[in-house]
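Following UniProt numbering, the numbering of the sequence shown begins with 1 at its first residue and continues without gaps.
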Amino acid sequence: MKAESTEVTKRRMSPETLELIRQREIVRAAGNRELTSELAKQCRQAIREDPKERRAAVMIEAAEAGKCTRKSRLNFANYKTKMIALRRSDGTITASRKAMEKIIHEYYSDLFDSHVHLPSYEIKEDGYGVPPVVPSEIRHAISSVKNRTAPGPERIRSEHLKNLPPVHVSTLARLKTRYLSECKIPTNWTTSKIMLLFKKIDQHDIGNYRPICLLSVVCKLFTRVILNSIYRTLDQGQPCEQAGFRKGCSTMDHIHTMRLIGVLREYKRPLCLTFINLQEAFYSIEIEAVMEAFGSQGVPAQYVKILRELFRNFTTKISPFYNDINVDVMRTLEWNNMGVKIDGRQIHHLRFAGDVVLVTPGISQAERMLANFDEACGKIGLRLNLKKTMFMKNGLVCLPHSRSTERISPNAPFMTI
């Protein structure tokens, strides 16, 4: 089923500007250079003014109608940076479309491919009967879907779901109950479209583009229903060091912790913070590691089966469950005697979603912990990005004479607190 947007695309240029362009072409064909130059100047001025006038008209119209001006302003936001050239592996830059497509294909084929062989996780039957999906769950999931998001391959937008009549909501509830009980999904959910959005720094580096996977909005609705069902189980399995995307937690929790850690300076004790950056963490996690993390946190077996079916058949495999993998990685590390003692407790790391910072009294301990973390991550397909790993220390920490180890680059930046 396909659904096209009901919005009518408006011309970016006004009729007056189009008329100026038409007159310029007529005068240019007649060979009048002086008048052509004058009309060209007027055309450039009109083309610059048209977006401003259109923006002002839309904002006035929204204000008079009592609509949200913020949403109207988003219509003029440009979130895309045109990809004009890319750097090859040998350092040369190419602007050829075919060569750029080859670079993109090779980079993401290597990124999404499995580099670590993990045995298939054996899902243990727990006898838990998954309750049927009721229409209220569908309505709650639909209300939590964001508006103004890009549609998937079937061109259905989230706004279309929010306008569904009750009879269609009940039909969706019955279908999703059947998918859960049979652990099968429609084949059109297994395809996706990827858009590359430029992040920052070098536009020629393919690693500086973030792949955005456009999935079927009905598939996202289905996974939202599942996530709402297992959210409490997953949240209870998160440690106190994790403050990202958790109800009742925010960056303020870690800010208070860092203020307590800052007291170490008053007592003249050394402190070193290691900010770890993982290379494409959300896209390189092994699927079996995700399934094992679900099982270890007590997620019912039926949900694990349907999630495995979703991941196994996806054309593009992207994991939104990185936090749970991070938990299992940390559980394998023996850091009980490392870190700094605050209020009678050893604090050796803090986490916010996929960002990790190690808290140590010196560089040598940071190196050992970083090596242990790298080894544990390598077992599930994660890799450290040492170019973006940074260290922060106070004046009581001495720099090592040599930092040319395998774990810490000799060019790794150090900052002083």
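Yeah, the Cβ is synthetic: ideal placement off N, Cα and C, and Gly gets one too.
Any non-hydrogen atom of the ligand FAD closer than 8 angstroms to residue i Cβ
i, result
"Phe352", "The ligand FAD is not among the ligands present in this structure, which contains no ligands whatsoever."
With 16 other Cβ atoms within 10 Å as the buried cut-off, status of residue i
i, result
"Gln365", "buried"
"Pro165", "exposed"
"Gln242", "buried"
"Gln238", "buried"
"Tyr17", "First, the amino acid is wrong: residue 17 is Thr here, not Tyr. Thr17 comes out buried."
"Lys41", "exposed"
"Thr360", "buried"
"Arg240", "Note on identity: in this sequence residue 240 is Cys, with Arg being the wrong assignment. Exposed."
"His115", "exposed"
"residue 431", "Nothing can be reported for residue 431: it is not among the residues displayed for the chain, which extend from 1 to 417."
"His168", "exposed"
"Tyr267", "exposed"
"Gly339", "buried"
"Leu358", "buried"
"Leu197", "exposed"
"Ile60", "exposed"
"Lys393", "buried"
"Arg148", "exposed"
Proximal residues to residue i (C-beta, below 6 angstroms), its chain only, five neighbours per side dropped
i, result
"Pro151", "Arg157"
"Phe294", "Val304"
"Pro132", "Thr177"
"Lys193", "Pro153 and Leu214"
"Asp202", "Asn208"
"Glu64", "none"
"Leu221", "Ala141"
"Arg351", "Glu241 and Gln242"
"Met195", "Ile212"
Residue i, DSSP secondary structure in three states
i, result
"Arg312", "helix"
"Gln23", "helix"
"Thr416", "Residue placement at Thr416 is poorly supported in this model, since its pLDDT is 47, which falls under 50; the coordinates are not used for a value here."
"Tyr209", "strand"
"Phe275", "strand"
"Met83", "coil"
"Val340", "strand"
"Thr92", "coil"
"His348", "coil"
"Val356", "strand"
"Ile194", "strand"
"Lys393", "strand"
"Leu384", "strand"
"residue 459", "Residue 459 lies beyond the stretch modelled for the chain, which goes from 1 to 417, so this question has no answer here."
"Tyr267", "coil"
"Gly31", "coil"
"Trp189", "helix"
"Thr69", "helix"
"Ile285", "coil"
"Met291", "helix"
"Val299", "coil"
"Met13", "coil"
"Cys377", "helix"
"residue 480", "As displayed, the chain neither begins before 1 nor continues past 417, which places residue 480 out of reach and without an answer."
"Ser250", "coil"
"Lys98", "helix"
"Glu334", "coil"
7 angstroms Cβ shell around residue i - same chain, five flanking residues per side excluded
i, result
"Ile104", "Ile206"
"Ile342", "Leu260 and Ile261"
"Leu39", "Leu20, Gln23, Arg24 and Val27"
"Cys249", "Ala243"
"Glu280", "Leu111"
"Ala85", "Ile93, Thr94, Ala95 and His204"
"Gly362", "Pro270, Cys272 and Val397"
"Leu35", "Val27"
"Ser72", "Val58, Met59 and Ala62"
Other residues of its chain near residue i: CB distance less than 8 angstroms, five sequence neighbours each side excluded
i, result
"Glu288", "Leu118, Pro119, Ser120 and Tyr121"
"Lys247", "Asp235"
"Val299", "Ile230, Thr233 and Leu234"
"Tyr128", "Pro300, Ala301 and Gln302"
"Val225", "Val133, Glu137, Ile138, Ala141 and Lys176"
"Ala173", "Pro132, Val133, Val134, Pro135, Glu137 and Ile138"
"Cys43", "Thr17, Leu20, Ile21 and Arg24"
* Mind the definition here: the segment 151–165 touches the segment 212–225 only if three or more C-beta pairs lie below 8 angstroms; say whether that holds. => Segments in contact, yes.
* Could you tell me which uninterrupted alpha helix (DSSP H) segments, each at least 4 residues in length, are contained entirely in the segment 198–247, listed from first to last along the chain? => Entirely contained in the segment 198–247, the alpha helix (DSSP H) runs reaching 4 residues are, in chain order, 217–236.
* Asked: Hey, which unbroken runs of the alpha helix (DSSP H) at 4 residues or more fall wholly within the segment 107–172?
  -> Counting whole runs of 4 or more residues, the segment 107–172 contains the alpha helix (DSSP H) stretches 135–144 and 158–162.
* Determine contact between the segment 126–145 and the segment 186–202, defined as no fewer than three beta-carbon pairs at a distance below 8 angstroms. => Cβ pair count under 8 angstroms is below three, so no.
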